[in-house]
Amino acid sequence: MTERDRRALVVRGGWPGHAPEEAAELFVPFLEASGYDVTLEGSLESYADEEFMASLDLVVQCWTMGEILPDEMRGLRTAIGNGTGFAGWHGGIVDSFRLATDYLQMVGEQFA
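The sequence shown: position 95 = 95 (this note's numbering), numbered continuously.
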């Protein structure tokens, strides 16, 4: 792989108390320095875009206490199942979608 052959999606939003935009954007320079072409999104809509999701190597999520639509969840789960990496931290990944059973099973945890 040459530099910029890898693609990362950074998705940020949800509860503003965790400053999702600011927190997620702290990681962009690291990703770019590591050879990723980074796309920033402030919605979950891109998860439902099958072709776009298939083009990614990594999804970094910083989304707290939100709701994910079934087609968005399906797209995310399919991408991860096909080998796309999935990363995040704290409430941005384990407290993202409390009512989405599929998501909770996928990450294996939630905050109580």
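Glycine included, C-beta positions come from ideal geometry on N, C-alpha and C.
Below 8 Å CB to CB, which residues in the same chain sit around residue i once its five sequence neighbours on both sides are set aside?
i	result
N130	A query on residue 130 cannot be resolved here, the shown segment of the chain reaching from 1 to 112 and no further.
W15	T64, M65, G66, G91
In the DSSP assignment, what residue or residues form a beta bridge with residue i?
i	result
V10	L40, V60
Would you mind reading off the limits of the alpha helix (DSSP H) that contains residue i?
i	result
G91	91 to 94
E109	Unbroken run through E109: none, as it is neither H nor E.
M53	50 to 54
R98	Premise fails: R98 is in no alpha helix (DSSP H) and is neither H nor E.
P70	70 to 81
A33	28 to 33
A23	20 to 25
For the beta strand (DSSP E) containing residue i, list its first residue and its last residue.
i	result
A87	85 to 88
Excluding sequence positions up to five away, which residues of its chain have a Cβ less than 7 Å from the Cβ of residue i?
i	result
M1	Only weak support exists for where M1 lies, its pLDDT of 48 falling under 50; the value from the coordinates is given anyway. Excluding positions up to five away in sequence, the list is empty.
G13	P20, G42, S43, W63, G66
G75	Y47, A48, D49, E50, M53
M97	A small fix is needed here, since residue 97 is Phe in this sequence, not Met. Here the set comprises G66, E67, I68, Y103.
Mind reading off the beta-carbon distance from residue i to residue j? Whole number of angstroms is fine, and I expect it under 8 Å.
i	j	result
A87	D57	That pair is no contact at about 11 Å.
A79	V59	7 Å
F27	V10	7 Å
Q110	V94	6 Å
Near residue i, what residues of its chain come up, given a Cβ to Cβ distance below 6 Å and the 5 sequence neighbours on each side ignored?
i	result
R6	G35, Y36, D57
Legend entry - Cβ contact (3+ pairs, closer than 8 Å) linking the segment 63 to 71 and the segment 25 to 38: no
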